[in-house]
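The sequence shown begins at 1 in the numbering used here and counts up by one. For each residue, glycine too, the CB sits at the ideal point set by N, CA and C. These numbers come from a predicted model, not from an experiment.
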Amino acid sequence: MVALLAEEGISTTQATLSRDFLALGVIKTPAGYQLPGIAARHPMPPVATGFFGDVVHQVDVGETIIVVRTATAHADAVALRVDELSDPDLLGTIAGDDTIFVATRSPTAAKRIATTLFGYDASNHRN
Numbered sequence: 001m002v003a004l005l006a007e008e009g010i011s012t013t014q015a016t017l018s019r020d021f022l023a024l025g026v027i028k029t030p031a032g033y034q035l036p037g038i039a040a041r042h043p044m045p046p047v048a049t050g051f052f053g054d055v056v057h058q059v060d061v062g063e064t065i066i067v068v069r070t071a072t073a074h075a076d077a078v079a080l081r082v083d084e085l086s087d088p089d090l091l092g093t094i095a096g097d098d099t100i101f102v103a104t105r106s107p108t109a110a111k112r113i114a115t116t117l118f119g120y121d122a123s124n125h126r127n
C-alpha cells in the first residue's frame with residue numbers, strides 16, 4: 001500500500017499507514033483492504049464451482065426464486081457464498097439446514113443465476 005501511495009505522490013511510512021487504517025477501521029482481507037461494514041464482493045464464478053458441485057444436490061427455479069437443496073448443514077455456507085457475489089439481479093438468500101431460497105429480480109435472472117452457479121438445466125425440470 002505504501003508503494004501504491006508513493007506512485008500517486010503521497011509519501012508515508014508503513015507504521016503511519018497502519019495507524020491510519022486502525023483509526024479508520026480498515027481491515028485487510030484475502031480480497032484486499034476493506035472498509036468496515038462493507039462486505040467483500042466477488043465476481044460470479046464459472047458454472048458449478050467445485051464447492052457447490054460437492055454439496056448441492058438439487059436446484060429448482062420458480063419464477064424469481066431459486067430453491068437449492070444441499071447436504072445436511074451446508075445451506076448456510078452456500079448461501080453466504082451466494083450473498084458475497086456481485087450480481088445486481090441477486091437480491092438475497094434465506095438458508096435453513098439443507099435448503100436455500102435465493103431471491104432474484106426476474107424469472108430470467110433466476111434461470112441465468114441458477115445455471116451459472118449450480119449448473120441448472122431447465123430441460124430436466126418440470127415448470
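Residue nearest to glutamate 87 in terms of C-alpha spacing, selected from Asp98, Leu117, Ser123: Before going further, note that residue 87 is aspartate rather than glutamate in the sequence given. Checking every option, the nearest Cα to that of aspartate 87 belongs to Leu117.
CB contact flag (alanine 79, threonine 99, <7 angstroms): no
Residue closest to threonine 114, alpha-carbon to alpha-carbon, out of Ala6, Thr13, His74, Val67: First, the residue type needs correcting, since residue 114 is alanine and not threonine in the sequence shown. Measuring from the Cα of alanine 114, the nearest candidate turns out to be Val67.
Length of the line joining the Cα atoms of valine 59 and arginine 69: 6 angstroms
Host beta strand (DSSP E) of valine 59 (start-end): 56-62
Backbone CA spacing between glycine 62 and aspartate 83 [nearest angstrom]: 19 angstroms
Cβ-based neighbour list, alanine 75, same chain, cut-off 8 angstroms, excluding 5 preceding and 5 following: Val68, Ala95, Gly96, Asp97, Asp98, Thr99, Ile100
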